[in-house]
Amino acid sequence: MKYVLLLMGNLSDDRCGETEDAPGVEEFIAFDAALEEAGVLRGGFALTDPEEGTSVTRASRDAEAVVTAGPYAESREFVGGTIVIEVDTLDAALGWAARCPGAIGGRVEVRPLLDI
Amino acid sequence: MTVPEPPPDPGDVLARVRREELSRLVATLVRRFGDLDLAEDAAQDAMVSALRTWPRDGVPRSPLAWLTSTARNAALDRVRRDDGLARRLAELHLREQDRAPDPADAAALAADDLPDDRLAMLMGCCHPAIAPADRIALMLRFVGGLSSAEVAQALLLPLPTVQARLTRAKKRIAGAGIPLEVPEDPAERERRLPLVLTAISLVFTEGYAASHGDAPIRRELTAEAIRLARITQGLLPGAAEPEGLLALLLLTEARASARVDAEGVPVSLEEQDRGLWDRELLAEGSRRAERAAAMPGAGRFTIQAAIAAVHAEATDLSGTDWAQVVALYDLLLGLGEDPVVRMNRAIALGRRDGPASGLAALDALRGIAELERHVPFHAARGLTLAELGREEEARAVLAAARELAPEGPDRRFLQARLRRLDAD
Chain A
742 MKYVLLLMGN LSDDRCGETE DAPGVEEFIA FDAALEEAGV LRGGFALTDP
792 EEGTSVTRAS RDAEAVVTAG PYAESREFVG GTIVIEVDTL DAALGWAARC
842 PGAIGGRVEV RPLLDI
Chain B
62 MTVPEPPPDP GDVLARVRRE ELSRLVATLV RRFGDLDLAE DAAQDAMVSA
112 LRTWPRDGVP RSPLAWLTST ARNAALDRVR RDDGLARRLA ELHLREQDRA
162 PDPADAAALA ADDLPDDRLA MLMGCCHPAI APADRIALML RFVGGLSSAE
212 VAQALLLPLP TVQARLTRAK KRIAGAGIPL EVPEDPAERE RRLPLVLTAI
262 SLVFTEGYAA SHGDAPIRRE LTAEAIRLAR ITQGLLPGAA EPEGLLALLL
312 LTEARASARV DAEGVPVSLE EQDRGLWDRE LLAEGSRRAE RAAAMPGAGR
362 FTIQAAIAAV HAEATDLSGT DWAQVVALYD LLLGLGEDPV VRMNRAIALG
412 RRDGPASGLA ALDALRGIAE LERHVPFHAA RGLTLAELGR EEEARAVLAA
462 ARELAPEGPD RRFLQARLRR LDAD
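Here the protein sequences line up with chains A and B, keeping their order.
Sequential numbering of the first sequence, starting at 742, is according to the numbering used here.
Sequential numbering of the second sequence, starting at 62, is according to the numbering used here.
Below, the structure is given as structure tokens:
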């Protein structure tokens, strides 16, 4: 099954690199290499800071698109990056999530990909 | 002249299998096909087929082996008829040559030779990715072998609620790829076992404490929990905690009839008629508690069983080894902070050193939010105040506790104690 690991950050937390415990870029690179070596990596991407984002919303099918700067203001959590893996079971996916540097002080959400 | 034994009645055998072994059959099919719905349907097919052929051909030597191979073939037939199902199972690398041998050959197998896959079901149903309430429903359904209607009845929930829970959980298992198996990683196995044991103890508590409804003890549910605990212990015979849990449940169940009076009002430990305790359950419970304590890996269920065993061995309250009880609560606290355990330790301390010490220990716990909401904490303080002759304070504390208690046994108990104070 294919799963996506959503690397979630929180706006109210310390920024990456500012605390000693926060994972560094090398750790992410090493994790990526481990996934590659295990033959389970199927894709993914890293994202810039949520402030760099621009939101577009339409209240209904007929409504005009409204563009606002930044993420949805009420949401403290943001997606910092994604990794798509293909493994046999949720347990295997959870095992990779537990090894993901993004889980340290953050949250990795594991979601099965919808099979269409 | 010896009279030949009459052949077993097919109906009787099937009824027994349904009650005792259907969950084992389903577990084996789940292990094989990885699909709960398919496993249940195929098991049902096999039962129907048995109902048709056994009266004609006689009951096979090993009914379970016969049912298992018949159900496996029934499952393969279902897969072949259903494209969607086939596609889903293709990922499990199903192959046609996996077709089971003819039931007649398989029947030569003794049931003992069949693998017992219920541990995989237990551990799968208690996967941390499944919501705790759903774990209990799944466990009763797929390990306890109860029908959805029986699960609903046992949990005092409307049938549609239980059906919705089971559907949601099954969808999650299939959709998220939750493996219904014993985790390969020993560390993960270690982490999973407590979830299984906790779910079983919750089934028991649900029956024992009647968190809703008015029946103070729902025997069917406590019996079901004991059955699950027996299954788990039987599957992991060398482990302390499954043995400890079984011991704890047996010892608690043994005292059930003395725990409430004829009006359904709870009776405190000191006033319980110990003659009503079930000697047989107590003996088995104590024996198992002792065995669990001697095994490596003793945890909270083993320690709680040891506490229950101390109570079981005493002929009355004053004969209880309270020093031992306090020491065991200290061990329990060593495993992790728990306000309710602290409260119980304070009560035991009062028994060991006298009510003044007990009150001091209880008072030291005031302000802990979890205990301030906990009716037994206020009841314990009120009763200890009454023991010390501080009746005005006792009355106020017990009255406040009564207001806090929901309608039900606890409230009736407090009401009775308040009346008793007024009568003195």
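Note that the Cβ used here is the ideal one computed from N, Cα and C, for glycine as well.
Any Cβ of chain B closer than 7 Å to the Cβ of A/Thr830 would place that residue at the interface, and such an atom is present. When secondary structure is reduced to three states using DSSP, A/Val828 falls in the coil class, being assigned neither helix nor strand. Between B/Ala107 and A/Ile826, the alpha-carbon positions lie close to 39 Å from each other. In the three-state reduction of the DSSP assignment, B/Val91 falls in the helix class, which pools H, G and I. Non-local C-beta neighbours of A/Glu818 in its own chain, meaning closer than 6 Å and more than five positions away in sequence, comprise Met749 and Asn751, ordered along the chain. Contact annotation, B/Pro240 with A/Asp832: C-beta distance approximately 5 Å; criterion of less than 8 Å satisfied.
If you check the CB distance, B/Arg472 and B/Arg463 come in under 7 Å. For B/Leu378, there is no enclosing alpha helix (DSSP H), as DSSP gives it neither H nor E. For A/Arg848, the uninterrupted beta strand (DSSP E) segment begins and ends at Arg848 to Pro853.
A/Met749 has a beta carbon lying at 7 Å or more from every beta carbon in chain B. At the C-beta level, B/Leu311 and B/Arg361 stay beyond 7 Å of one another.
In this structure, the CA atom of B/Gly419 is about 15 Å from the CA atom of B/Ser379. Residues of the region 796-821 of chain A with a Cβ closer than 9 Å to any Cβ of chain B: none.
Where B/Gly72 is concerned, the enclosing alpha helix (DSSP H) starts and stops at Pro71 to Glu81.
Within chain A, no residue has its beta carbon less than 9 Å from that of B/Pro193; the closest one is some 17 Å off. In summary, B/Glu453 is exposed, with fewer than 16 beta-carbon neighbours lying within 10 Å of its beta-carbon over all protein chains present. Interface criterion met: the Cβ of B/Gly238 is under 7 Å from a Cβ in chain A.
Secondary structure at A/Arg802: coil, using DSSP grouped into helix, strand and coil.
Residues of the region 239-257 of chain B with a C-beta less than 9 Å from any C-beta of chain A: Ile239, Pro240, Glu242, Pro244, Glu245, Asp246 and Glu249, listed in chain order. Within chain A, the C-beta atoms nearer than 7 Å to that of B/Ala190 come from Leu831, in chain order. A distance below 7 Å between beta-carbons, with the five flanking residues on each side excluded, links B/Arg196 to the following residues of its chain, in chain order: Cys186, Cys187 and Ala260. The residues Thr131, in chain order, have a CB closer than 6 Å to that of B/Ser110 in the same chain once the five nearest residues on each side in sequence are set aside. In summary, the residues of the region 834-857 of chain A whose CB is separated from some CB of chain B by less than 7 Å are Pro853, in the order they occur in the chain.
As DSSP reads the structure, A/Asn751 sits in a beta bridge with A/Glu818. Distance from the CA of A/Ala779 to the CA of A/Trp837, rounded to the nearest whole angstrom, comes to 11 Å. Counting along the chain, the unbroken alpha helix (DSSP H) around B/Gly419 starts and ends at Pro416 to Asp424.
B/Leu337 counts as exposed, since fewer than 16 other beta carbons sit within 10 angstroms of its beta carbon.
Contact annotation: B/Gly268 and B/Leu282 have beta-carbon atoms nearer than 7 Å.
Around the C-beta of B/Phe438, 16 or more other C-beta atoms lie within 10 Å, and the residue is accordingly described as buried. The continuous alpha helix (DSSP H) containing B/Val436 extends over residues Val436 to Glu448. No Cβ-Cβ contact shorter than 7 Å links B/Ile191 with B/Ala237. In this structure, the CA atom of B/Thr381 is about 15 Å from the CA atom of B/Gln365. Check the Cα spacing between B/Ala235 and each of A/Asp829, A/Val797 and A/Glu768: the tightest is with A/Asp829. A direct Cα-to-Cα measurement between B/Asp483 and B/Ala421 gives close to 25 Å. A/Gly785 and A/Ser816 have their alpha carbons spaced roughly 23 Å apart.
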